[in-house]
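Enquirer: Attaching a single structure in structure tokens format; questions to follow.
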Amino acid sequence: MALSRRAICIKVKKRGLVIIVLSLIVMINMLDHNGTISLRFVITGIICFPGKYLPVNFEQIKNSECPNYKGESLLKIQLKTDPSQQLWDGFNIEKLKSLKDFVTEDRMKNGIILNTLDSAFLPCINATYRRLMKHLIVVFNDVAKKYNVTYFLHAGSLIGSYRHHGMIPWDDDVDISVYEYHKSRLKAAFSNLPNTYKFIVTNYRWKLVYRYMPPIREGIVWSYPFLDILFFGLSSQSVYDYETPLIQCGLRYNICDVFPLVERPFWDLWLPAPRRADIIINASYANIDDLCVSLSYSHATEERIARRFTVPCDTLREYYPFVERTSINETMKVEQLKFKNSVVHTIVVKN
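Heads up: the sequence shown runs through residues 1 to 351, numbered per UniProt numbering.
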């Protein structure tokens, strides 16, 4: 049935209103540099996450919202060691050339090849940068515990903990996600520390850096290494990620898959992580146990890498440690970090 002229006008006006609202969101997103809760998030909440957002009692989530929670998800049964201290001595790049037979994904960016398969899976950071990175993590974790700032491992760092019990060996940064409501608490906490660290505030994330290290390059105000800090919000039943483009209304997870948080191994540290790391990872990434993907971006130089590769993870087991999981019964699994034929350490996981 044909629409009347009035109906068509109303339809056009509604469509125009939607475009104006989306444009406003994008403009606000570009202007949000002050690290405070901005109108961008208010608009996002109205459109995507109707409801009132208040400070959350995380114990209440444990006791009321998630009645099927079975207790601590990880039990430490063996002294953790840091596999990054013993890896890659005499790393043979020639052997990596055999990976060319296993490429399953090959994407070009900007038409320029900056990285080849021979080097795409080499370690990105040396021992010095790894120690500096680890120190930032330790400082942040200690401050978060002392001042009750809720955060968890996120994105590639969560994959690293799940698959390698540490950073992905060829990764070059650490990602964490902090509860949006705790922003001011976090900033105040670090103001009480020695003048060694500072936060760099960008559109929707912060970076914790060493204050007196030089910027990465001209046009970039932060130094390397840094701790990449994203933020998450909460609705009644969901945890949502502020980094996902607003048009998609954010990537959301079931609140009971995230909370209550558990500790997962990261090098020789134990850091907060979502309770069901497997579900959270699978919401954004595919087949991470079987397929290993090289970087598409260098955080050390803040430049895109033109070519990205995906290879079977089995082809990298000769060079890097991987976690293997076996079921004990319906409620428990064993996670063993193995490097070649040796067990580095073991933990028990309760489902």
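Quick reminder that beta carbons are idealized off the backbone N, C-alpha and C, glycines included.
Which two residues bound the contiguous alpha helix (DSSP H) that contains Y129?
Expert: Counting along the chain, the alpha helix (DSSP H) containing Y129 begins and ends at 127-146.
Enquirer: Is T331 helix, strand or coil by DSSP?
Expert: Correct three-state label for T331: coil.
Enquirer: Which runs of the beta strand (DSSP E) spanning at least 3 residues fall entirely within the segment 285-323, listed in chain order?
Expert: Counting whole runs of 3 or more residues, the segment 285-323 contains the beta strand (DSSP E) stretches 291-293, 307-312.
Enquirer: Ordered along the chain, which non-local residues of its own chain (more than five positions away) have a Cβ less than 6 Å from that of A189?
Expert: Counting only Cβ-Cβ distances below 6 Å, and skipping sequence neighbours, we find V143, Y147.
Enquirer: Pull up the distance between the alpha-carbon of W270 and that of H165, whole angstroms please.
Expert: Rounded to whole angstroms, W270 to H165 spans 10 Å at the Cα level.
Enquirer: Which runs of the alpha helix (DSSP H) spanning at least 4 residues fall entirely within the UniProt domain "LicD/FKTN/FKRP nucleotidyltransferase" (144-200), listed in chain order?
Expert: The qualifying runs are 155-164, 183-191.
Enquirer: Does the beta carbon of P321 fall short of 7 Å from some heavy atom of the ligand ADP?
Expert: Summarising the ligand content, the structure contains no ligands, and the ligand ADP is consequently not present.
Enquirer: What does the alpha-carbon distance come out to for the pair E302 and S342?
Expert: Spanning the two alpha carbons is a distance of roughly 36 Å.
Enquirer: In three-state DSSP terms, what is I37?
Expert: Only weak support exists for where I37 lies, its pLDDT of 36 falling under 50; the coordinates are left without a value.
Enquirer: Excluding the 5 residues preceding and the 5 following L208 in the sequence, name in chain order all residues of the same chain whose CB lies nearer than 7 Å to its CB.
Expert: Taken in chain order, the residues that qualify are L136, F140, Y197, F199, F226, L227, I229.
Enquirer: Compute the Euclidean distance between the alpha carbons of L337 and L251, then round it to the nearest angstrom.
Expert: Answer to the nearest angstrom: the Cα atoms are 30 Å apart.
Enquirer: If we call anything under 8 Å between Cβ atoms a contact, is L186 one with F266?
Expert: The answer is no: Cβ separation not under 8 Å.
Enquirer: Count the other CB atoms, across all protein chains shown, that sit within 10 Å of the CB of E218; report buried if there are 16 or more and exposed otherwise.
Expert: Counting Cβ neighbours within 10 Å, E218 comes out exposed, since fewer than 16 surround it.
Enquirer: Can you name the start and end residues of the beta strand (DSSP E) that N341 belongs to?
Expert: From DSSP, N341 is part of no beta strand (DSSP E); its letter is neither H nor E.
Enquirer: With a CB to CB cut of under 7 Å and the five nearest residues on each side skipped, what residues in its chain are close to S84?
Expert: Unreliable positioning characterises S84 in this predicted model, as indicated by a pLDDT of 47, which lies under 50. The coordinate reading is nonetheless provided below. Cβ within range, chain order: R130, G166, W267.
Enquirer: Exposed or buried, which one is T128 when buried takes at least 16 other CB atoms within 10 Å?
Expert: Result: exposed.
Enquirer: For S177 versus Y151, is the C-beta distance shorter than 8 Å?
Expert: Closer than 8 Å, so yes.
Enquirer: Compute the distance between the beta-carbons of I280 and V311, then report whether it is under 8 Å.
Expert: In this structure, V311 does not lie closer than 8 Å to I280 by Cβ.
Enquirer: Determine which residues share a DSSP beta bridge with D278 and list them.
Expert: Paired residue(s): none; D278 is not in a bridge.
Enquirer: When the Cα atoms are used, what is the spatial distance from M332 to K350?
Expert: Computed Cα separation, rounded: 4 Å.
Enquirer: Considering Cα atoms alone, identify which of E330, D289, V149 is closest to F232.
Expert: Comparing Cα-Cα distances from F232 to each of E330, D289, V149, the minimum goes to V149.
Enquirer: From the DSSP output, in three-state form, read off D268 for me.
Expert: It is coil, neither helix nor strand.
Enquirer: Can you name, in chain order, every residue of its own chain whose Cβ lies under 8 Å from the Cβ of I125, other than the five neighbours on each side?
Expert: Taken in chain order, the residues that qualify are M133, D172, P225, A300.
Enquirer: Assuming C313 and L291 are in contact, meaning their beta carbons sit under 8 Å apart, how far apart are those beta carbons, in whole angstroms?
Expert: Yes, they are in contact, since the Cβ atoms of C313 and L291 sit about 7 Å apart, within 8 Å.
Enquirer: With C-beta atoms as the reference, is R307 less than 8 Å away from Y297?
Expert: It is not a contact, given that the beta carbons lie outside the stated cut-off.
Enquirer: Pop quiz: Y242 and E318 are said to be a contact at Cβ under 8 Å. What is the actual Cβ separation, rounded to whole angstroms?
Expert: Actually they are not in contact, since the Cβ atoms of Y242 and E318 sit about 39 Å apart, beyond 8 Å.
Enquirer: Which word fits K340, buried or exposed, when buried means at least 16 other C-beta atoms lie within 10 angstroms of its C-beta?
Expert: The residue in question, K340, is exposed, as its Cβ has fewer than 16 Cβ neighbours within 10 Å.
Enquirer: Contact defined as beta carbons within less than 8 Å: I believe A120 pairs with F309. What is the distance between those atoms, to the nearest angstrom?
Expert: Going by Cβ atoms, the distance from A120 to F309 rounds to 5 Å, so yes, they are a contact pair.
Enquirer: When burial is assigned at 16 or more other CB atoms within 10 Å of the CB, is R211 buried or exposed?
Expert: It counts as exposed.
Enquirer: What's the gap between the Cα of V334 and the Cα of E324?
Expert: One C-alpha to the other measures close to 8 Å.
Enquirer: Give me, in chain order, the residues of the same chain whose beta-carbon lies closer than 8 Å to that of D289; leave out the 5 immediate sequence neighbours on both sides.
Expert: Answer for D289: R163, C313, listed in chain order.
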